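Visitor:
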Amino acid sequence: MNKTVSVNISGYIFNIEDAAFDKLNRYLNTIRGYFSESAGAEEIIEDIEARIAELFQERITDNYQVIKLIDVDEIIAIMGEPEAYIDEEMEEEEVNEAYQRSERKIRNKYRKLYRDPDDSVVGGVSAGIGHYFGIDPIWIRLLFIVLVLGGGSGVLIYIILWIIIPQAKTAAEKLEMRGDPVTAENIGRAVSEEYSSLKKKFTPKKEDIKETGDKVGNAFQDFFGFLGKLLHLLVASLGKIFGFLFVFFGLLSIVALIFGVMGTGEIFNIISDSEGLHFSFHDLMVLFAVSPGYVTWVYVVSIFVLGLPLLAFVYLGFGLLTDFKLRVRGFGLALFIFWIGFSIAGIALFGNLARNYVEEHEVKEVYELTTVESDTLMVDVLPDTLFEFNHAVRFRNDLDFIEVTDDHIFLGNPLLDIVKSNDDLFKVTVKKESRGSNRKEAREFARDIEYNFIQLGSIISFSPFYSLTKENGYHFDQVRIVLEVPEGKAILLSEGSERIIYDIDNVTHTWDRDMVGKVWTMTKEGLECIDCDLEEN
Numbered sequence: 001m002n003k004t005v006s007v008n009i010s011g012y013i014f015n016i017e018d019a020a021f022d023k024l025n026r027y028l029n030t031i032r033g034y035f036s037e038s039a040g041a042e043e044i045i046e047d048i049e050a051r052i053a054e055l056f057q058e059r060i061t062d063n064y065q066v067i068k069l070i071d072v073d074e075i076i077a078i079m080g081e082p083e084a085y086i087d088e089e090m091e092e093e094e095v096n097e098a099y100q101r102s103e104r105k106i107r108n109k110y111r112k113l114y115r116d117p118d119d120s121v122v123g124g125v126s127a128g129i130g131h132y133f134g135i136d137p138i139w140i141r142l143l144f145i146v147l148v149l150g151g152g153s154g155v156l157i158y159i160i161l162w163i164i165i166p167q168a169k170t171a172a173e174k175l176e177m178r179g180d181p182v183t184a185e186n187i188g189r190a191v192s193e194e195y196s197s198l199k200k201k202f203t204p205k206k207e208d209i210k211e212t213g214d215k216v217g218n219a220f221q222d223f224f225g226f227l228g229k230l231l232h233l234l235v236a237s238l239g240k241i242f243g244f245l246f247v248f249f250g251l252l253s254i255v256a257l258i259f260g261v262m263g264t265g266e267i268f269n270i271i272s273d274s275e276g277l278h279f280s281f282h283d284l285m286v287l288f289a290v291s292p293g294y295v296t297w298v299y300v301v302s303i304f305v306l307g308l309p310l311l312a313f314v315y316l317g318f319g320l321l322t323d324f325k326l327r328v329r330g331f332g333l334a335l336f337i338f339w340i341g342f343s344i345a346g347i348a349l350f351g352n353l354a355r356n357y358v359e360e361h362e363v364k365e366v367y368e369l370t371t372v373e374s375d376t377l378m379v380d381v382l383p384d385t386l387f388e389f390n391h392a393v394r395f396r397n398d399l400d401f402i403e404v405t406d407d408h409i410f411l412g413n414p415l416l417d418i419v420k421s422n423d424d425l426f427k428v429t430v431k432k433e434s435r436g437s438n439r440k441e442a443r444e445f446a447r448d449i450e451y452n453f454i455q456l457g458s459i460i461s462f463s464p465f466y467s468l469t470k471e472n473g474y475h476f477d478q479v480r481i482v483l484e485v486p487e488g489k490a491i492l493l494s495e496g497s498e499r500i501i502y503d504i505d506n507v508t509h510t511w512d513r514d515m516v517g518k519v520w521t522m523t524k525e526g527l528e529c530i531d532c533d534l535e536e537n
């Protein structure tokens, strides 16, 4: 049993064994002494502690909560022993040459993508990309200029990269950006060089001031620097606006999704233009007669498959609002893995449900109309007690004509076609179509479809809907009626027949809606209107 202490390193609290703490404390004190005379000593120590805290965080897991002596030894090996630092200027130059040769071989291992604030014209994006790929930033800038001149896409791409690529703020991040190992020695060197550069920048020689003031390039850089600040302000504002919109609409969509899937929200009224159609997710499950066990899985899979992308938008929105300071390590990857898993489960689930509809079968019922009292048969529609048909709507949505009761499902979309008879009798053929897991099941479902029509003398009236048993459920059922008219005889389409007629061929290619209210005679060529004006045809 080892004694542990709690320490605060760069704002993070760690539990560390007593022996490990003593060694780490000696190491940091040695580094403080080494850099005590260096410019920016405090910043060097802060960056080194931040790097150590980052390395400690990588080791902490749910099952590993205490920093041990071996962890401190490994981190000291990564950061470098203070005794190995070379202080003499003569030796430092020689070592730097060897150091640079060896470091170039391993830089790609350490390099990370950041925006470079020290070599920026607008936002440091080009300089950061240049460091990452090891090329001069001028070529990246020229590429963006070409994209802007070629169509303007360069501006959008630059803004997106500006938003998603973080800025290298600390010495450790700048080392990672350039591909240098993040050691205590390198952090100290980077901070010292930065302080020396700033000192030189703000204490120029008089002749340098005059020379610089005469250069047009300096004014050019100042101009673009101003544009850069302006663009930065614009991008930051847009980021906050988009962040708020992502959070607001993401949360709103998640709530709507949960209510819709759980059955309290109407999800299909946005699909149909009918004010009378209100379908919840539960109604849809009832319509297709999905078993209760499957319904639960459909609920769960649907919520996660549709909800996880919405949650990702909410997380992105919070990131934009907080400048990604509240990022949770691995959260995005976890969301993606969960979404892939539930998507695969959804494909398997709905694929299994789809097997109930793979086979199609049609049942035909043929009726001869032997009691027609004249050569003209009037086609009418029985009163519609279930659905309200709007004659002004030319393109109907089948979802507008579904009604579910305690025992039956009513569908209000039978389709009537009129063709030439092969004898001298009027005939009606009712085609009932359905689907099932096999042909036998599909045939049984088709036979269970109920459809009626009434013929009294020279008037035939078709029902505007047909019904299924609720127990069977909906299997993409359809009723198609074919009225056969003998050659030389005629039909009169009533105004109400527009409710069911569908794509009736005629010699004048008249549209269905323009055929109603007129008498049509069956000729050798097909239906021909005998009481239409020439202008209409």
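Just so we're aligned: the sequence shown equals residues 1 to 537 in the working numbering.
Where is the CB? At the ideal position from N, CA and C, for every residue including glycine.
Please read all numbers here as calculations on a predicted model, not as lab measurements.
Can you tell me where the alpha helix (DSSP H) holding R26 begins and where it ends?
Guide: Note, R26: alpha helix (DSSP H), 18-34.
Visitor: Please name the residue or residues paired with T428 in a DSSP beta bridge.
Guide: The question names Thr, but residue 428 in the sequence shown is Val. In the DSSP output, where bridge partners are listed per residue, V428 has Y367, L483.
Visitor: In terms of residue numbering, what span does the beta strand (DSSP E) encompassing A168 cover?
Guide: Run containing A168: none; DSSP gives neither H nor E here.
Visitor: In whole angstroms, give me the CA-to-CA distance for R32 and D118.
Guide: 26 Å
Visitor: What did DSSP end up calling V298 once you bin it into helix, strand or coil?
Guide: helix
Visitor: Assuming V379 contacts R499 (C-beta within less than 8 Å), just tell me the rounded distance between them.
Guide: With a Cβ gap of about 11 Å, V379 and R499 do not count as contacting.
Visitor: In the DSSP output, what is H361 paired with across the bridge?
Guide: S434
Visitor: Do you know whose CA, among I159, F14, E42, lies nearest A171's CA?
Guide: E42
Visitor: Opposite L306 in the DSSP bridges: which residues?
Guide: For L306, which the question treats as bridged, DSSP gives no partner whatsoever.
Visitor: Helix, strand or coil for H475, going by three-state DSSP, please let me know.
Guide: coil
Visitor: Less than 8 Å between the CB atoms is what I'm expecting for G130 and I140, so what's the real figure, rounded?
Guide: 5 Å
Visitor: Quick check: what's the CA-CA separation for R480 versus D417?
Guide: One C-alpha to the other measures close to 8 Å.
Visitor: Go ahead and label Q57 buried or exposed: buried means 16 or more other beta carbons lie within 10 angstroms of its beta carbon, across all protein chains shown.
Guide: With fewer than 16 Cβ atoms within 10 Å of its Cβ, Q57 is classed as exposed.
Visitor: Would you please state the rounded distance, in angstroms, between the beta carbons of P309 and D384? I believe it to be under 8 Å.
Guide: Their Cβ separation, rounded to whole angstroms, is 42 Å, which puts P309 and D384 out of contact at 8 Å.
Visitor: Checking 8 Å against the spacing of the C-beta atoms, do L415 and D477 come in under that value?
Guide: no
Visitor: Quick one: residues in its chain with C-beta nearer than 6 Å to the C-beta of W339, no 5 flanking neighbours on either side, listed in chain order?
Guide: L308
Visitor: Are at least three pairs of beta-carbons, each pair with one atom in the region 453-468 and one in the region 503-511, less than 8 Å apart?
Guide: no
Visitor: Relative to the C-alpha of D539, which residue among E495, G496, D514 is closest?
Guide: Not covered by the structure: residue 539. The range shown for the chain is 1 to 537.
Visitor: Following the continuous alpha helix (DSSP H) through D509, name the residue where it begins and the one where it ends.
Guide: It is worth fixing the name first, because residue 509 is His in this sequence and not Asp. Where H509 is concerned, there is no enclosing alpha helix (DSSP H), given that its DSSP letter is neither H nor E.
Visitor: Identify the residues that DSSP records as bridge partners of K420: which are they?
Guide: V485
Visitor: Taking the continuous alpha helix (DSSP H) assigned at D47, which residues delimit it?
Guide: 41-59
Visitor: Give me whichever residues DSSP pairs with F445 in a beta bridge.
Guide: None; F445 has no bridge partner.
Visitor: Which first and last residues belong to the beta strand (DSSP E) in which N8 is found?
Guide: 4-9
Visitor: Should Y64 go down as buried or exposed, given a rule of 16 or more other Cβ atoms within 10 Å for buried?
Guide: Around the beta-carbon of Y64, fewer than 16 other beta-carbon atoms lie within 10 Å, marking it exposed.
Visitor: Do you know offhand how far L468's Cα is from D448's?
Guide: 7 Å
Visitor: Skipping 5 residues on each side, what residues in its chain have a beta carbon closer than 6 Å to that of E365?
Guide: V430
Visitor: For V95, is the classification buried or exposed, using 16 other Cβ atoms within 10 angstroms of its Cβ as the cut-off for buried?
Guide: Unreliable positioning characterises V95 in this predicted model, as indicated by a pLDDT of 45, which lies under 50. The coordinate reading is nonetheless provided below. The residue is exposed, with fewer than 16 neighbouring Cβ atoms inside 10 Å.
Visitor: Can you name the start and end residues of the beta strand (DSSP E) that V381 belongs to?
Guide: 376-381
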